[in-house]
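Just below is one structure, and these are the notes that go with it.
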Amino acid sequence: MIEFDPRNLADGKRAAAEGATAVLDRDPAAEDLGAANSDQATEVAMQDTLLTPRFYTTDFDELDRVDVSSVRADWDELIGRMKADPNKKHFRKGEGWEAVDWDGMEPQLKKELIDFLISSCTAEFSGCVLYKEMKRRGSNADITELFGLMARDEARHAGFINDALREAGIAVNLGFLTQAKKYTYFRPKFIYYATYLSEKIGYARYITIYRHLQQHPEYRIHPIFKWFEQWCNDEFGHGEAFALLMKTDPKLTSGHNVLWIKFFLTAVYSTMYVRDHQRPAFHKALGIDPDWYAKEVFEKTSAISTQIFPITLDLEHPRWQKGLERLQRASLNVSDGKKRGGVGGTFTRVVGMAKAAAAFVSIYTIPAIRHDVPASTRMEPSY
Amino acid sequence: MPGALRPTPDPDASGLFSSTEPLRMSTRLDTSSAICLPAGGNTMGIFTRERETAPCTVEVSHCFESLHAHVKFDNGAVVHPGDEVLVHGTEIMAPYGEVVIESRTATITRATALQRAWTRLTGDLEFMELCEFSFSEEATL
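First to last, the protein sequences are chains L and H. Residue numbers for the first sequence follow our numbering, beginning at 665 and rising by one. Residue numbers for the second sequence follow our numbering, beginning at 179 and rising by one.
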């Protein structure tokens, strides 16, 4: 066994990035991981990465008071579709799942691709934890049914990504339960805004990559991207559920809450921009320019969000792109400063944080574009 | 990416409440202060952290079809903002392709009234944790 502290996620990533050989656990489930690898399997040497999901509470009484009667028809249709579970058989590795040459992969790309897989797995897993808690603590039948179905989907996605990680020689360690876990708190409306946007932007991100790779299959660096369409349709459906939840209470999308919506839109879009630009090898290998990608994803997400949000951000405004670039440069200052440490490093960091705040304010204050929200929230994935 | 927490030393782990004993719940007060307020059926200190031990069922699924890990308190205990939960004993590891269900004991370290109020007030500040961005926040890997 490769020895390192499984509680240290950074260790796990570093070990993976240093190109350690992928060999198999000696277990019967190993057969599906490709003939080439099974020939090497004499030693158990899976690296471990400890999953560290987050744990949430919320105002469960407020959730219980949600009354979906105003959107009953759409709600029942959505739940019916989720129960029918059209994707149950789709997350299977069929003949389309080609072997990945992890050992031969360019090291920086390998690091970034593994970061993508681990972060996505953690996010799906945390989503499952959140939805399961909401299901367990609720007594409103509509709410508990919805979150039970969403937890099922998230766990399924996590399992699928986990399998891809295993092929890269990384085993997810689920031992976190025997470590102390602190429960944080989010008020329901923040969960609605943040999760709605995450699901919808997730849909936009995955479908953009999927369609791009359909046209340029030579850039498909990993077979998992072929499953992006089913995956993102699940995300789309979850977003629909949150849109309906928000529809049940018009206060959530009016009055001063519009400022919150603007805040979440700005924070989510700008964070996506910064994070994507921190992974240049990943995007280059996919043949995707991160600025083009950001524009595509923001436009799709904005168009979708008009189903429930009364505003969209003005992506054509001259301050928008400039502000994103300023924010990205400032975030580089912050990470440089953190790495350097000491007095100089701290100074660089603090200046970077101030610049980032100023850049954020400059884009947050761009006048938003208002529109009328349709009476019926429902949308179909159409990209 | 939030780091994993070190396990807190748990005096109960080796002694009174091992998982082989009949499962039971007990409540202890820290001895440092006697100030308590009843709150929703639990006694909750303003300045003290109360610890409870609760029997629980842990389910860890390490399958292709579903990757999940859940703790359910068999005595109906609920977790409030700021509380900490620690499942006793060795790591629960499900080999790939398996679902492991175990009866264990967990210590719930209750937040004080102040901590709970603080968590409720400030938890939202970490809202970015609710958002998924495909990549970790580290600038360089």
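Glycine included, C-beta positions come from ideal geometry on N, C-alpha and C.
Would you mind telling me which residues of chain L sit closer than 8 Å to residue i, beta carbon to beta carbon, in chain order?
i        : result
H/Thr268 : Thr842
Counting only beta-carbon separations shorter than 8 Å, does residue i have a partner in chain H?
i         : result
L/Gly608  : No statement about residue 608 of chain L is possible, as the shown extent of chain L runs from 665 to 1047 and does not include it.
L/Arg801  : yes
L/Val764  : no
L/Phe1024 : no
L/Ala858  : yes
L/Glu695  : With a pLDDT of 37 at L/Glu695, under the threshold of 50, the modelled position of this residue cannot be trusted; read the value that follows with caution. No - not a single Cβ of chain H is within 8 Å of the one on L/Glu695.
L/Asn701  : For L/Asn701, the predicted structure reports a pLDDT of 41, less than 50, and the residue's modelled location is therefore unreliable. A value from the coordinates is still provided. No, L/Asn701 lies away from the interface with chain H (no Cβ there is under 8 Å from its Cβ).
L/Gln711  : no
L/Leu929  : no
L/Gln1048 : It is not possible to answer for residue 1048 of chain L, since the shown part of chain L is limited to 665 through 1047.
Quick one: what's got a C-beta closer than 8 Å to residue i's C-beta in the same chain, skipping five residues either side?
i        : result
L/Phe811 : Tyr795, Lys796, Met798, Lys799 and Gly802
L/Lys926 : Ile975, Leu977, Tyr1028 and Ala1032
H/Met203 : Confidence at H/Met203 is low in this model, with a pLDDT of 33, below 50, so the placement of that residue is unreliable and no value is reported for it.
L/Leu829 : Thr713, Ile778, Leu781, Ile782, Cys785, Ala835 and Val836
Who are the Cβ neighbours of residue i in its own chain at under 7 Å, not counting the five residues just before and after it?
i        : result
L/Pro660 : Outside the shown range of chain L (665 to 1047) lies residue 660 of chain L, about which nothing can therefore be said.
L/Ile855 : Thr722
L/Ala844 : none
Name the chain H residues whose beta carbon is nearer than 7 Å to that of residue i?
i        : result
L/Tyr849 : Pro259, Thr297, Arg298 and Gly301
L/Lys948 : The premise fails here: L/Lys948 is roughly 14 Å from chain H at the closest Cβ pair, so nothing lies under 7 Å.
L/Val932 : Cys309
L/Phe780 : Ser312 and Phe313
L/Phe789 : Leu245
L/Lys775 : Leu319
L/Asn804 : None at all; the shortest Cβ gap to chain H is about 16 Å.
Excluding five sequence neighbours on each side, which residues of the same chain lie with their C-beta closer than 6 Å to the C-beta of residue i?
i        : result
L/Glu610 : Given a span of 665 to 1047 for chain L in the structure shown, any question on residue 610 of chain L remains unanswerable.
L/Asp806 : Val732
L/Trp739 : Val732 and Leu908
L/Gln971 : Ala907, Thr1041 and Met1043
L/Ile968 : Lys864
L/Glu818 : Glu788, Gly791 and Cys792
L/Tyr937 : Ala958 and Leu988
L/Phe824 : Phe755
Can you give me the C-alpha to C-alpha distance between residue i and residue j, rounded to a whole angstrom?
i         : j        : result
H/Ala295  : L/Thr848 : 11 Å
L/Tyr874  : H/Cys234 : 42 Å
L/Leu742  : H/His248 : 26 Å
L/Lys959  : L/Tyr857 : 21 Å
L/Glu863  : H/Ala291 : 34 Å
L/Leu688  : H/Pro273 : Model confidence at L/Leu688 stands at a pLDDT of 29, short of 50, so the residue's coordinates are unreliable; what they give is reported in the following sentence. When rounded, the distance between both Cα atoms is 12 Å.
H/Val263  : H/Arg282 : 12 Å
L/Lys986  : L/Pro914 : 34 Å
L/Tyr1047 : L/Arg820 : 23 Å
L/Phe780  : H/Gly223 : 43 Å
L/Gly866  : L/His902 : 11 Å
L/Gly1016 : L/Trp924 : 25 Å
L/Gly1001 : L/Leu950 : 30 Å
L/Ala1039 : L/Phe900 : 19 Å
L/Gln772  : H/Glu276 : 33 Å
Under 8 Å, do residue i and residue j count as touching if we go by C-beta distance?
i         : j         : result
H/Leu245  : L/Ala822  : yes
H/Phe311  : L/Thr1010 : no
H/Asp302  : L/Phe850  : yes
H/Thr287  : H/His266  : no
L/Arg1042 : L/Glu904  : yes
L/Ala1023 : L/Val998  : no
L/Gln894  : L/Asn751  : yes
L/Arg884  : L/Leu877  : yes
L/Leu988  : L/Glu963  : no
L/Asn921  : L/Pro1045 : no
L/Thr716  : H/Ile270  : no
L/Gln992  : L/His1035 : no
H/Phe242  : L/Asp765  : no
L/Thr912  : L/Ser734  : yes
H/Thr226  : H/Gly260  : no
L/Phe973  : L/Lys846  : no
Quick one: list the residues of chain H neighbouring residue i, beta-carbon separation under 8 Å, in chain order.
i        : result
L/Ile855 : Leu308
L/Leu861 : Cys309
L/Leu991 : Within chain H, no residue comes near L/Leu991; the closest Cβ sits about 13 Å away, beyond 8 Å.
L/Thr935 : Met306, Cys309 and Phe311
L/Leu977 : Within chain H, no residue comes near L/Leu977; the closest Cβ sits about 16 Å away, beyond 8 Å.
L/Lys845 : Leu183, Glu262, Val263 and Leu264
Taking CB distances under 8 Å as the criterion, tell me whether residue i reaches chain L.
i        : result
H/Thr318 : yes
H/Ala255 : no
H/Phe305 : yes
H/Ser281 : no
H/Val277 : no
Quick one: list the residues of chain L neighbouring residue i, beta-carbon separation under 7 Å, in chain order.
i        : result
H/Ser244 : Ala819, Arg820 and Gly823
Along chain L, in chain order, which residues have C-beta atoms closer than 9 Å to that of residue i?
i        : result
H/Glu230 : Those do not exist, as H/Glu230 stays about 14 Å from chain L at its closest Cβ, beyond 9 Å.
H/Ala291 : Near H/Ala291 there are no residues of chain L at all, since even the closest Cβ is about 14 Å away, more than 9 Å.
Strictly below 9 Å CB to CB, what residues from chain H border residue i?
i        : result
L/Cys896 : Under the 9 Å cutoff, chain H gives no residues; its nearest Cβ is about 12 Å from L/Cys896.
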